[in-house]
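Position in the sequence shown (first residue = 1) + 571 = our numbering.
What follows is a short report on a single structure.
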Amino acid sequence: MQNKVVNLVAQGNRQQINNVNSYLGKIEDTAALLFSDELYYEFDSTAPALDTFEKLQTEKTIKNRLDDLGILENFSDFGIVYADDSTIGWISNTTIQLFPNGGLFAYLDNNINNSKTGSGCFLTIVNVMTGFII
């Protein structure tokens, strides 16, 4: 009986690992699709030299692409955050409430460029009940 329980727990753990790996793979693939076009990573919404019309047209193009990609995977947050905390795409109310005075870009920038990990990416877990970032 004990061996059966151990095997079931081990199988459950393997399945969870496979599910997480699959989900993270989808995130990676989606990001690769988005950034396959230079427009999406070269455009800077905060650049003062941008013509208003050009800025609006570019933002619309980027938003349409974000919508196309994000809806496929049903992400709760899927967008680009600029240095002035403006965004294109969608950011959930839960995420916005974690940064009532702004600072989302600074938080993301600090985590992505963390010299301790040097990874260029991060995974943050938000405790929805308390609003704390773990």
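Ideal Cβ placement from N, Cα and C applies to all residues, glycine included.
In this structure, T623 and D655 do not form a Cβ contact; the two beta carbons are roughly 16 Å apart against a cut-off of 8 Å.
Where G660 is concerned, the enclosing beta strand (DSSP E) starts and stops at T658 to W661. The C-beta separation of I662 from D648 comes to about 5 Å, placing the pair in contact by the 8 Å criterion.
Around the beta carbon of G650, a 10 Å sphere encloses 16 or more other beta carbons of the protein chains shown; the residue is thus reported as buried. For the pair R636 and D608, the CB atoms are nearer than the 9 Å cut-off. Around the beta-carbon of I659, 16 or more other beta-carbon atoms lie within 10 Å, marking it buried. Q668 and Y653 have their C-alpha atoms roughly 18 Å apart. Distance check between F614 and each of I642, F670, K634 and T629 places T629 closest, using alpha-carbon atoms only. Straight-line spacing of the CA atoms in E644 and M572 works out to 40 Å.
By the C-beta density criterion, I633 is buried, having at least 16 other C-beta atoms within 10 angstroms. DSSP places F649 in the uninterrupted beta strand (DSSP E) bounded by F649 to V652. When only Cα atoms are considered, T601 and I642 end up about 11 Å apart. Using a 10 angstroms sphere on the CB of L595, the tally of other CB atoms stays under 16, which defines it as exposed.
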